[in-house]
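Undergrad: Reminder that position 95 of the sequence shown reads as 95 in my numbering, one-by-one numbering, no gaps.
I have a structure I would like to understand better, so I am pasting it below and will then ask my questions one at a time.
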Amino acid sequence: MKRVFLFLLGAVAIVALLSLLPLPFERQTHVVTVVTLRAPPQAVYDYVTTPANWPKWHPASLAVQGVTDHPLTVGEEVAEEFRLAGRHGILHWKVVEAKPPFEWRIEGEVNRRPSGAVRYTLTPDGTGTRFRRDFMYRTPNLLFLILDPVFIGPRMRAESAQGASQLEQVFEALAPGVPSPASVPNTASSAGQ
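Written out as structure tokens, the structure is:
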């Protein structure tokens, strides 16, 4: 009986260890949210690319450190404290593309490992702006691969949708005139990611 127990314990330990090893292939999950905002593209671009505003509208963003008071340009970096799908940590973002007022892309690292990217695409839409947020994140190991479709992915999509809704509320509060990004009120919920 003791041998069977030790064998099972060893098998569980091996499976647990294998589930935490890096995957031998690249896999990313892509979460897309789209919202139409009552503001011109430049006003939306300036607001969403200014890191100090992120905690005001995205539930995953708890705090941002570094130079956060202006729309970031290519090469600029910030650190963001996040809580996303139950995971807490610090993301180091670097701007890799900026085409004001239409496109902006950042790539992130956690513990010096690539973890994901965010792309904003802004399109004029009548008197407002169609804002599209693409969030791509890596699947680092087998355990994450198993949990992503049933637990992590649905939470990521729900939090991204909540962020889009809160961003819409920010711009609804500003209509018809849009002041500078620094003067926008904080409408984000106090719930963390």
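Quick reminder that beta carbons are idealized off the backbone N, C-alpha and C, glycines included.
1) What are the start and end residues of the beta strand (DSSP E) that includes I194?
2) For the alpha helix (DSSP H) holding A161, just list the boundary residues, first then last.
3) Does DSSP put F5 in a helix, a strand or coil?
4) Is F5 buried or exposed, if buried means 16 or more other CB atoms sit within 10 Å of its CB?
5) Would you mind stating whether W57 and V170 have Cβ atoms separated by less than 9 Å?
6) Here's the rule I'm using: 16 or more other beta-carbon atoms within 10 Å means buried, otherwise exposed. How should T73 be labelled?
7) Compute the distance between the beta-carbons of T50 and T68, then report whether it is under 9 Å.
8) Consult DSSP for D125 and reduce its assignment to one of helix, strand or coil.
9) Can you give the Cα-Cα distance for S189 and L142, rounded to whole angstroms?
10) Suppose you measure from the CA of L91 to the CA of R105; what does that come to, to the nearest Å?
11) Which residues in the same chain as V32 place their Cβ atom closer than 6 Å to its Cβ, once the five residues preceding and following it in sequence are excluded?
12) When we look at the beta-carbon of G125 and count the other beta-carbons within 10 Å, is it buried (16 or more) or exposed?
13) Give the DSSP-derived three-state secondary structure of V150 in the structure shown.
14) Using a Cβ-Cβ cut-off of 7 Å (strictly less than) and excluding sequence neighbours within five positions of E168, which residues of its own chain qualify?
15) Do you know whose CA, among L84, N111, R113, W54, lies nearest D148's CA?
16) When DSSP labels each residue in this structure, what does P100 get in the three-state scheme?
17) Enumerate in chain order the residues of its own chain whose CB-to-CB distance from T123 is below 6 Å, with the five nearest sequence positions on each side excluded.
18) I'd like to check one pair, A98 with E107: are the Cβ atoms closer than 9 Å?
19) Pop quiz: E81 and A63 are said to be a contact at Cβ under 8 Å. What is the actual Cβ separation, rounded to whole angstroms?
TA: Reading off the structure:
1) This structure leaves residue 194 out entirely; the chain is present only between 1 and 193.
2) Counting along the chain, the alpha helix (DSSP H) containing A161 begins and ends at 153-174.
3) helix
4) exposed
5) yes
6) exposed
7) yes
8) strand
9) Note that S189 scores 36 on pLDDT, short of 50, meaning its location in the model is unreliable; the coordinates nonetheless yield the value given after this. The alpha-carbon atoms of S189 and L142 are separated by roughly 33 Å.
10) Between L91 and R105, the C-alpha separation is close to 15 Å.
11) D134
12) According to the sequence as given, residue 125 is Asp; it is not Gly. The Cβ neighbour count for D125, taken over all protein chains shown within 10 Å, is under 16; the residue is labelled exposed.
13) Under the three-state reduction of DSSP output, V150 falls in the helix class.
14) Correct list, in chain order: V35, L37.
15) L84
16) coil
17) R130
18) no
19) That belief holds up - the Cβ atoms of E81 and A63 are roughly 4 Å apart, short of 8 Å.
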